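In order, the protein sequence lines correspond to chains A and B.
Just so we're aligned: 617 in the working numbering is position 529 of the first sequence, and the numbers increase by one with no gaps anywhere.
Just so we're aligned: 137 in the working numbering is position 80 of the second sequence, and the numbers increase by one with no gaps anywhere.
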Amino acid sequence: MAMANRLRLLLQAAPVLSPSGSFSSSSSSSTACYKEGGCISDYVAVALTALVSLMIFGGSVLLVLGRTVPEIKAKQVPLLLIQSIGSIVWLTSLLMTRNMFKLSHRNSFLESCYLWQLWLEGPFGFGLLISCHIARAFRLYYVFVGRRLPPIRSTFLVPLLLVLWILLSTALQAVQPFRSINECSARWYIWVVIGSMHLFYALVLILCTWAIRNIRFEFNEFTELVTGVSICLIFLVLWIIMNIVKQLAAGGGRLLGVVARFVLVFLGNVIVSCLFWIPVTRPLLGHMLHPVLGAGRSNLNYDHSMGEALGVPNSGLLVPPAAHISLDEPLESLLQHKRFRLSFLSFAESRIAGETVHFWDEVRELSKLSLTQQDRRVYMADHIIQKYIVTGSQCEINISAQMRLEILSTNDLADPNLFKRAAEEAVHMMQTNLLKEYWQSSYFQELKNQIEIDMEYSAQLERMNIRDIPLRVIRNRDYELPTDNPFERSQASSVPSSGPLDPQGVNLGSRANGNSTSKSLDFKNIPPWESKAHESQSAYGNHLSKIRVNMDGSASSQSRHLSNRNRLGYLISQRSPSPPHCITPGLDSSYSDNENNNKAKDPNIITRPASR
Amino acid sequence: MGCIFSREAAEQGDIRDTIQAREIDKRIAQQSTAEKKVQKLLLLGAGESGKSTIFKQIKVLFQTGFDDSEKKNYTGVVHANAYQSIKILLDGLQEFSESEQEKYTLLPENKAIGEKLTEIGNRTQQPPLTEELAQQIEALWKDPAIQASYLRANELQLPDCASHFLNDIHRLAQPDYVPSKEDVLYARVRTMGIVETEFSPVGETKKRGELYRLFDVGGQRNERRKWIHLFDGVTAVIFCAALSEYDQTLFEDESSNRMIETKELFEWVLKEPTFEKTSFLLFLNKFDLFEQKINKVPLNTCEWFKDYKPLTSGQAEVENAYGYVKTKFEELYNESTPPDQRLDRVFKVYKTTALDENLIKRTFRLVDEVLVRQRLMDAKML
Chain A
89 MAMANRLRLL LQAAPVLSPS GSFSSSSSSS TACYKEGGCI SDYVAVALTA
139 LVSLMIFGGS VLLVLGRTVP EIKAKQVPLL LIQSIGSIVW LTSLLMTRNM
189 FKLSHRNSFL ESCYLWQLWL EGPFGFGLLI SCHIARAFRL YYVFVGRRLP
239 PIRSTFLVPL LLVLWILLST ALQAVQPFRS INECSARWYI WVVIGSMHLF
289 YALVLILCTW AIRNIRFEFN EFTELVTGVS ICLIFLVLWI IMNIVKQLAA
339 GGGRLLGVVA RFVLVFLGNV IVSCLFWIPV TRPLLGHMLH PVLGAGRSNL
389 NYDHSMGEAL GVPNSGLLVP PAAHISLDEP LESLLQHKRF RLSFLSFAES
439 RIAGETVHFW DEVRELSKLS LTQQDRRVYM ADHIIQKYIV TGSQCEINIS
489 AQMRLEILST NDLADPNLFK RAAEEAVHMM QTNLLKEYWQ SSYFQELKNQ
539 IEIDMEYSAQ LERMNIRDIP LRVIRNRDYE LPTDNPFERS QASSVPSSGP
589 LDPQGVNLGS RANGNSTSKS LDFKNIPPWE SKAHESQSAY GNHLSKIRVN
639 MDGSASSQSR HLSNRNRLGY LISQRSPSPP HCITPGLDSS YSDNENNNKA
689 KDPNIITRPA SR
Chain B
58 MGCIFSREAA EQGDIRDTIQ AREIDKRIAQ QSTAEKKVQK LLLLGAGESG
108 KSTIFKQIKV LFQTGFDDSE KKNYTGVVHA NAYQSIKILL DGLQEFSESE
158 QEKYTLLPEN KAIGEKLTEI GNRTQQPPLT EELAQQIEAL WKDPAIQASY
208 LRANELQLPD CASHFLNDIH RLAQPDYVPS KEDVLYARVR TMGIVETEFS
258 PVGETKKRGE LYRLFDVGGQ RNERRKWIHL FDGVTAVIFC AALSEYDQTL
308 FEDESSNRMI ETKELFEWVL KEPTFEKTSF LLFLNKFDLF EQKINKVPLN
358 TCEWFKDYKP LTSGQAEVEN AYGYVKTKFE ELYNESTPPD QRLDRVFKVY
408 KTTALDENLI KRTFRLVDEV LVRQRLMDAK ML
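Structure below.
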């Protein structure tokens, strides 16, 4: 709408341009150009503004699309969106207040100087822009210096900050300082007042930025704020200089006037572009380029979690499990094993109870961050709170009001025991709700099969004294190791399906034996399908490490190791952990449909697609 | 042509015919069983309204029930409930003693036990319930301060099974304790996610009835977001509302009244577009607790029931109050259902106590009748 208006005005203003083209020749044409707009520089300014606005709009769309990526989320996307609105409004107002356009309808409200100069350039343009930064600094201060959650949400803080400017504008509106409604000229002190308002907000921003100077930010928020502040200051200084020059040269400097306003608009575009693009360029580029670059690797890095972004050790990597998983350990220690955790997680998600497992997992990752890395702990804690604890959050877990309040009103976000009780409650809920049925589920069956196949293959390798086979060969289930012994071959290929589990839970350990001290599966009283793995069980861990080292002929770095594993279609059929989507209303996938598909295999249960 | 067919051939022809006939019969039988659609039932309701107890009752009544090993699995839960209950009462003491010091202070001999049990209640892995611990818990339970705290249990988040377990704590502490069927039904586990089962209510004539698929859900606010997965093709919604919760606050938000929450939830569920033709069976649950409470705590403490005037007292009052609550829910149903829809879908109210096996069996028989009738009506209309 604004664009169309502008274009219309441009076309109307075009005939004003004198045939000579330049505005330095006759004073009359340059006067016309100065008074009514239409100089070449004005066209350029408008084009520039349009371009910058479009780019900002495009950037905002990209931000919205990528808002779940941790690096982008740390920039606070809602604030960035408000900022972009403010930027576009401000740029437009810069154009409108400088007499760049021939104003056709003298008293039109839309082209009134009051609207543009007092309101849209002030509170809702520059003010909005700066307030977003102030709000961001405010939140960073509270979270990282104060280690508490801010009392107001940032998006609510912005209107509060603007109150002052709105009051000033109201006061000015009452005073009616402009000579005519369409000519943006007034006494010099009015300009001083307006200018000092701009300066005041910039100073507040400087203050807030100074307050957080000592924090080392993972996602570079501080550097960006400083850059933003310095750019703002430079702009303001230049603006003041320009205005002074314009006033001083008021008499004959038409040219100066035209140049001045062009420079102003140009600077405005520069500052807006910098303020918008400096924070978001890197994360956006990373986010957008990953599908292209990461075609070889799987989706792991594209949808990574906050834990990975903060560099939690082993986060997201599918390292080989500890060789020994004793299945009668308490749930909490079972969950420490990655493969069990993944399998259990898949089961929980099939029961639409996945958020508790994810919560527990992320608290575990938080606990891996060392106590000295306070800033990262604060990031992670804040992320967990926003995702799992806040009422109405994406993956809200089922805890009491008291527990929630305790966490939200904490005085120290880096406290190692912040989520302790909630995590314990999560384990308790998993135990009482999910565990028993997990043992009887197909997910557990699959886990057991996977573990035992793994052990079998490594056992075969051991028997054949093979050390150098690349991991791919071993992991590829279709590959049959050549054996001379037909009995062994048949043993290898036939994975017996395990019968129904002991409904009392898994007593695969030798609980009956009473004296199993080893942490490993005690093979004295195990069911028959476990006995084959007996010999190789102890050597399993050693083998895996040997195989890993020999894979590339050199000690593989973690990332390469990772990409190889991903490419090889990993053992567990479930993929690497993607960030939980949790429950959003209006999900298409119907739980009943999934269950119908699963149940369809059971001939005793007749289902029809639900149609009523 | 007759001499070509030997007798053997004729016999073979007969056999072939018989086989064919048998095939056809089998196919017809398969078809008619395929005609029976599995009916989808949802158990919805706010937190702690009795949904999971009904779910357990279904298992007891129409499935295999709880065998000994399954009952043993509940030992941990029962003990945890006992520890939790006494801990909540102790925490309540802390809160209440801020205003009235003497009334809510433990007897001196019980102070140490109080601290110990608060600490135990906070752990995830709780110690097994020994005789010694049971004695200590009993001592605390009998302490006048705890009893006073128990009188104000509606201000705490005390589970309803508290008195049942705490009164009987010695039995629970026996080394060979196996939870009784009653204990299993009383045991409180906050449901997370979605659980399902299938059952067939065996009719009077012992002929296997309809096949029902029953879904149990969590009732807290964050769990309700998951309900959306279940809303397609539902035959009937069994909405559980606890009658006795009119003076209690939510587990997940201590500033909201439970009855008001149930009211809003019921309204929301009724207005759900996928439930246009779904039958609604309202189970006004926890009638036993309602009976005990109604004479002590007036009904009009709840905002929704504020225009209720108690007429008498005793049993007549209970019936009176129940009638009032039922009317309120019926009004709510009528407000939330457009008039033309009221003919389409069935709405029935049942007074239940989920712990009472016979009552639930009778109720389900009625439910079954209603649903069968509805299904036939739908079929006729088709």
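Just so you know, even glycine gets a beta-carbon here, dropped at the ideal spot from N, CA and C.
Values in this document were obtained by computation on a predicted structure and should not be read as measured data.
Does the beta-carbon of residue i have 16 or more other beta-carbons within 10 angstroms, so that it is buried, or is it exposed?
i      : result
P184/B : exposed
V325/A : exposed
V132/A : exposed
Q158/B : exposed
M434/B : exposed
T319/B : buried
A233/B : The sequence given here has Asp at residue 233/B, not Ala. So D233/B ends up on the exposed side.
R227/A : buried
L519/A : In the sequence on display, residue 519/A carries Gln and not Leu. Flag for Q519/A reads buried.
Y531/A : buried
K343/B : buried
F386/B : buried
E159/A : buried
Is the beta carbon of residue i less than 8 Å from the beta carbon of residue j?
i      : j      : result
N391/B : E360/B : no
F337/B : R422/B : no
N331/A : L179/A : no
F123/B : K238/B : yes
C220/A : I294/A : no
V515/A : K456/A : no
I303/A : D463/A : yes
I359/A : C320/A : yes
Y381/B : Y365/B : yes
N211/B : Q305/B : yes
With hydrogens ignored, establish whether the beta-carbon of residue i is closer than 7 Å to any heavy atom of the ligand MG.
i      : result
K160/B : Summarising the ligand content, the structure contains no ligands, and the ligand MG is consequently not present.
Look up residue i in the DSSP assignment and say whether it is helix, strand or coil.
i      : result
N630/A : Residue placement at N630/A is poorly supported in this model, since its pLDDT is 41, which falls under 50; the coordinates still yield a value, given next. DSSP places N630/A in helix when its eight states are reduced to three.
F337/B : strand
I440/A : coil
R235/A : coil
N342/B : strand
T181/B : coil
G395/A : helix
A298/B : strand
N499/A : coil
R419/B : helix
N397/B : For clarity, residue 397/B is Asp in the given sequence; the question names Asn instead. Helix at D397/B.
D572/A : Model confidence at D572/A stands at a pLDDT of 46, short of 50, so the residue's coordinates are unreliable; what they give is reported in the following sentence. Correct three-state label for D572/A: coil.
K160/B : coil
D273/B : strand
T306/B : strand
Y131/B : coil
N505/A : coil
Y407/B : strand
Our contact map puts residue i next to residue j with C-beta atoms below 8 Å; I'd like the distance itself, whole angstroms only.
i      : j      : result
L100/B : L271/B : 7 Å
T132/B : L412/B : Contact doesn't hold; Cβ gap of about 19 Å is too wide.
G395/A : E484/A : At roughly 19 Å, the Cβ-Cβ gap does not stay under 8 Å, so G395/A and E484/A are not in contact.
N521/A : A441/A : 7 Å
- Message: Against chain A, which members of the stretch 280-306 of chain B pass a CB distance test of less than 7 Å?
- Response: E280, R282, K283, I285, H286, L287, D289 and G290
- Message: Under 8 Å, CB to CB, which of the residues in the stretch 243-261 of chain B have a partner in chain A?
- Response: V246, R247, T248, M249, G250, I251, V252, E253 and E255
- Using a Cβ cut-off of 7 Å, which residues of the stretch 484-497 of chain A contact any Cβ in chain B, in chain order? E484, I485, N486, S488 and A489
- Short-range partners of chain A found in the stretch 126-139 of chain B, where Cβ spacing is below 7 Å: S126, N130 and V134
- Message: For the stretch 371-402 of chain B, list every residue whose C-beta sits within 7 Å of some C-beta in chain A, in sequence order.
- Response: none
- Residues of the stretch 499-524 of chain A whose Cβ lies closer than 7 Å to any Cβ of chain B, in chain order: E512, V515, H516, M517, T520, N521 and K524
- Query: Looking at chain A, which residues of the stretch 139-151 of chain B have a Cβ within less than 8 Å of any of its Cβ atoms?
  - Reply: none
- Message: Beta carbons nearer than 7 Å to chain A: which residues of the stretch 308-321 of chain B have them?
- Response: F308, E309, D310 and E311
- Interfacial residues, the stretch 158-183 of chain B to chain A, with Cβ spacing under 9 Å: N179, R180, T181 and Q182
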